[in-house]
Amino acid sequence: MTIWWQRFKESYLLYSFRRDRVAMVSFGVLVFLILVGILAPLAAPFNPYDADSIDIMNSEIPPSWMEAGEKSFLLGTDIQGRDLLSTMIYGLRLSIMIGCGAVLLQALLGVMVGLAAGYLGGRVDSILMRLADIQLSFPYLMVAIFISAIFQVAFGIGRYEEMAVPLLVVIIGLAEWPVYARTVRASVLGEKNKEYVEAARVIGLSPGLIMIRHILPNTMTSVLVISTIQVANAVMSEAALSFLGLGMPVTKPSLGSLIRSGFEYIFSGSWWITLFPGFLLVILVLVINLLGDWLRDVLNPKLYKG
Amino acid sequence: MFAFIIRRLIQAIIVMLVISLVGFSIKNRIGDPVRDLVGERVTPAEREVIRDRLGLNDPFLAQYVRFVSNAARGDLGLSFFHKRPALEVILSKLPATLELVIGATLIIILVSLPVGIYTAIFPRSRLSRFTMGFSTLGVSIPVFLTAIMLIYVFSVELNWLPSYGRGETVDLWGWETGFLTWDGLTHLFLPSISLASITLPLFIRLIRSEMMEVLETEYIKFAWAKGLHARRVWLVHAFKNTLLPVITVFGVQIGIMFAFTILTETVFQWQGMGFMFLEAVERSDISLLVAYLVFVGAMFVVVNTVVDLIYGLVNPTVRISGAS
Numbered sequence: 231m232t233i234w235w236q237r238f239k240e241s242y243l244l245y246s247f248r249r250d251r252v253a254m255v256s257f258g259v260l261v262f263l264i265l266v267g268i269l270a271p272l273a274a275p276f277n278p279y280d281a282d283s284i285d286i287m288n289s290e291i292p293p294s295w296m297e298a299g300e301k302s303f304l305l306g307t308d309i310q311g312r313d314l315l316s317t318m319i320y321g322l323r324l325s326i327m328i329g330c331g332a333v334l335l336q337a338l339l340g341v342m343v344g345l346a347a348g349y350l351g352g353r354v355d356s357i358l359m360r361l362a363d364i365q366l367s368f369p370y371l372m373v374a375i376f377i378s379a380i381f382q383v384a385f386g387i388g389r390y391e392e393m394a395v396p397l398l399v400v401i402i403g404l405a406e407w408p409v410y411a412r413t414v415r416a417s418v419l420g421e422k423n424k425e426y427v428e429a430a431r432v433i434g435l436s437p438g439l440i441m442i443r444h445i446l447p448n449t450m451t452s453v454l455v456i457s458t459i460q461v462a463n464a465v466m467s468e469a470a471l472s473f474l475g476l477g478m479p480v481t482k483p484s485l486g487s488l489i490r491s492g493f494e495y496i497f498s499g500s501w502w503i504t505l506f507p508g509f510l511l512v513i514l515v516l517v518i519n520l521l522g523d524w525l526r527d528v529l530n531p532k533l534y535k536g
Numbered sequence: 011m012f013a014f015i016i017r018r019l020i021q022a023i024i025v026m027l028v029i030s031l032v033g034f035s036i037k038n039r040i041g042d043p044v045r046d047l048v049g050e051r052v053t054p055a056e057r058e059v060i061r062d063r064l065g066l067n068d069p070f071l072a073q074y075v076r077f078v079s080n081a082a083r084g085d086l087g088l089s090f091f092h093k094r095p096a097l098e099v100i101l102s103k104l105p106a107t108l109e110l111v112i113g114a115t116l117i118i119i120l121v122s123l124p125v126g127i128y129t130a131i132f133p134r135s136r137l138s139r140f141t142m143g144f145s146t147l148g149v150s151i152p153v154f155l156t157a158i159m160l161i162y163v164f165s166v167e168l169n170w171l172p173s174y175g176r177g178e179t180v181d182l183w184g185w186e187t188g189f190l191t192w193d194g195l196t197h198l199f200l201p202s203i204s205l206a207s208i209t210l211p212l213f214i215r216l217i218r219s220e221m222m223e224v225l226e227t228e229y230i231k232f233a234w235a236k237g238l239h240a241r242r243v244w245l246v247h248a249f250k251n252t253l254l255p256v257i258t259v260f261g262v263q264i265g266i267m268f269a270f271t272i273l274t275e276t277v278f279q280w281q282g283m284g285f286m287f288l289e290a291v292e293r294s295d296i297s298l299l300v301a302y303l304v305f306v307g308a309m310f311v312v313v314n315t316v317v318d319l320i321y322g323l324v325n326p327t328v329r330i331s332g333a334s
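Heads up: the sequence lines are chains A and B, in that order.
If you count by the numbering used here, then the first sequence holds residues 231 to 536, one letter each, in order.
If you count by the numbering used here, then the second sequence holds residues 11 to 334, one letter each, in order.
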């Protein structure tokens, strides 16, 4: 443990992190958002899922600093009379959860396919990669919208909304795995002819073991780099699907569905229901993107040596 | 070259077959054409007769073959809601979507080229830094949020531009166009900007980095040494060679933009294909949904195949690497 800590403290990663102010600020904001999301029941002043605490008479109250605002509702309330800040915090939690879940699924699928295609080669490779190519020739958002539309029609809207969280994870996971498959395959092809793999083969280890224990750890850098960007993408996709009405229902809103429900009221001047969740969403995505950019610059050896 | 064309065409056909198989299974498993035809008030016995007559009790494969051969002839079934052939419904919505994409493309070209070139030539100027920072932010703003903010500022607060619909359109040989009326153009403005916003930052960055790379090359140095006019070096010598990779990416991005039209059309209630698709989902209009899936799938496959073939013509390495 102490050795690991020592190595981390002396690593180039930490060194460049401490020299990059943008990365440090983004990391701080991201950690704060994640903490608020995890601790939503403690952090939020109200519980938006608790029907008892919601009063329809409180609907569309503007933020507290405006004339008609009330002190107890800091950012105002939405159309159902829920405290907007609390609803946003719970929505943030859902967005982060779905984003991370979807990326885990993408990574699992993509890494398995990429490892198999890269290491086994031959026919397996060409079939799997052709499949990935075909899916990549369609925009991932289009694929996600199609899958979710099909699911919604197949399950019916009621059941779809009940199972929205796992379904969204599956939808976004299925829509974006080829990105991982391609990256992992490329790095496997780079690793596979190195001596350590040959040595492992000579002592008679099985292909499965070589792939997972020996090659996989060496492809992790590229997986890590695309994962950050992919989380941002997944959060965006989730928001887009929810905005289209193909994602989280209004009773359990994510940031996207909150924007959707507020959009109908923007013409009557209730801008806060849309703009505050939108603002939070942009900050979340921006911070992840900035961290991803930084990580790519640091971990990509081609860039930092050159 | 001939082998390459054949291989690419076979691949396109396989992809189309896969898409049609997906579409057909949805139709077969979820949809009920008899209900679409006669509604709910017909006895089960009569339904069975209709089912038999329509061939819905045939084996899966036989029905699939029929579906594909009908689709190949341009018959994608009837829309349950519109009571018209699905393909006809889709084609009637196509002009609106295309105009949106064209509008966004024009904005992208008009903005990204000058800005990209400027930021490449003067990377240290304040305006360039501002643009680069802004483009990072731009990538992180979802397209529907841009659209909503535009509506809020220009339609709700300032009341300058209309916020929904296509406005007045003119019938131009069967093509309902909004390009020819002032009203139609004002309606096109906000949707095009929001659709362009998603790819604009990417293009500015791309043009900038390509141009900066070209400006470092030997022949540009030689052009300076020759004493050419600065404008001539930048715009004629350097710019020409940044265009090729930009055009390549542009082809891909138009496809992606097409996906984002679904979002833009929803916000602006733009009567295009994406709006129609979401309506079909809400109404469980399965044959229209499947027709849309097959139509858009076919569109992408055709465009991708054509682009690949052109690549193969221009760049021989594509042909060779594709063979392995």
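Cβ coordinates follow ideal geometry from the N, Cα and C atoms, glycine included.
Being a predicted model, the structure only gives us computed values, none of them experimental.
{"Query": "Complete alpha helix (DSSP H) runs within the region 320-400 of chain A (minimum length 4 residues, chain order)", "Result": "352-366, 370-385 and 387-392"}
{"Query": "B:Leu86 - partner residues in DSSP beta bridges", "Result": "In the DSSP output, where bridge partners are listed per residue, B:Leu86 has none listed."}
{"Query": "Distance between A:Arg251 and B:Leu174 (C-alpha atoms, nearest Å)", "Result": "As written in the sequence, residue 174 of chain B is Tyr, which differs from the Leu given in the question. Those two C-alpha atoms are separated by around 43 Å."}
{"Query": "Every unbroken beta strand (DSSP E) within the region 99-146 of chain B, with a cutoff of 3 residues, ordered by chain", "Result": "none"}
{"Query": "Coarse secondary structure for B:Pro95, derived from DSSP in three states", "Result": "strand"}
{"Query": "Amino acids of chain B, ordered along the chain, whose beta-carbon sits closer than 9 Å to that of A:Met478", "Result": "Simply none; closest approach about 15 Å."}
{"Query": "Status (buried if at least 16 other CB within 10 Å, exposed otherwise) for A:Ala416", "Result": "exposed"}
{"Query": "A:Lys532, DSSP secondary structure in three states", "Result": "At A:Lys532, the pLDDT of 47 sits below 50, so the modelled position is not reliable; the number obtained from the coordinates is stated separately. Helix at A:Lys532."}
{"Query": "Min CB distance B:Gly332 to chain A below 8 Å", "Result": "Residue placement at B:Gly332 cannot be trusted, given a pLDDT of 49 that sits under 50; the coordinates are not used to answer."}
{"Query": "Distance between A:Ala469 and B:Glu275 (C-alpha atoms, nearest Å)", "Result": "16 Å"}
{"Query": "Close-in-space but distant-in-sequence residues of the same chain around B:Ala308 (CB under 8 Å, 5 per side omitted)", "Result": "Met26 and Ile29"}
{"Query": "Beta-bridge partners of A:Thr307, as assigned by DSSP", "Result": "A:Asp313"}
{"Query": "Local Cβ density within 10 Å of B:Phe268, reported as buried at 16 or more and exposed below that", "Result": "buried"}
{"Query": "Which of helix, strand or coil DSSP assigns to A:Tyr279", "Result": "coil"}
{"Query": "Chain A contacts made by the region 68-94 of chain B, where a contact means CB separation under 9 Å", "Result": "none"}
{"Query": "Closer than 7 Å at the beta carbon, the chain B residues around A:Gln382", "Result": "Val291"}
{"Query": "Buried or exposed by the 16-neighbour rule on C-beta atoms within 10 Å, applied to A:Met393", "Result": "exposed"}
{"Query": "Contact list for A:Met466 against chain B, beta-carbon separation under 7 Å", "Result": "Pro152"}
{"Query": "Helix, strand or coil at B:Met11 [DSSP, three-state]", "Result": "coil"}
{"Query": "Test: B:Thr227 CB closer than 8 Å to a CB of chain A", "Result": "no"}
{"Query": "Beta carbon proximity, B:Ile266 to chain A, threshold 8 Å", "Result": "yes"}
{"Query": "Proximity to B:Ala290 [Cα-Cα], best of B:Val99, B:Phe70, B:Met11 and B:Ser79", "Result": "B:Val99"}
{"Query": "Contact under 8 Å by Cβ, B:Asn273 with B:Val163", "Result": "Per the sequence shown, the amino acid found at residue 273 of chain B is Leu instead of Asn. Not in contact: B:Leu273 and B:Val163 (Cβ atoms no closer than 8 Å)."}
{"Query": "Closer than 7 Å at the beta carbon, the chain A residues around B:Tyr162", "Result": "Ile496 and Trp501"}
{"Query": "Spatial neighbours of B:Phe270 in its chain, beta-carbon cut-off 8 Å, leaving aside the 5 residues before and after", "Result": "Val153, Leu205 and Ile208"}
{"Query": "B:Val224 vs B:Ala248 beta-carbon contact at 8 Å", "Result": "yes"}
{"Query": "Residue interval of the alpha helix (DSSP H) (run including B:Val52)", "Result": "Counting along the chain, B:Val52 falls outside any alpha helix (DSSP H), and DSSP gives it neither H nor E."}
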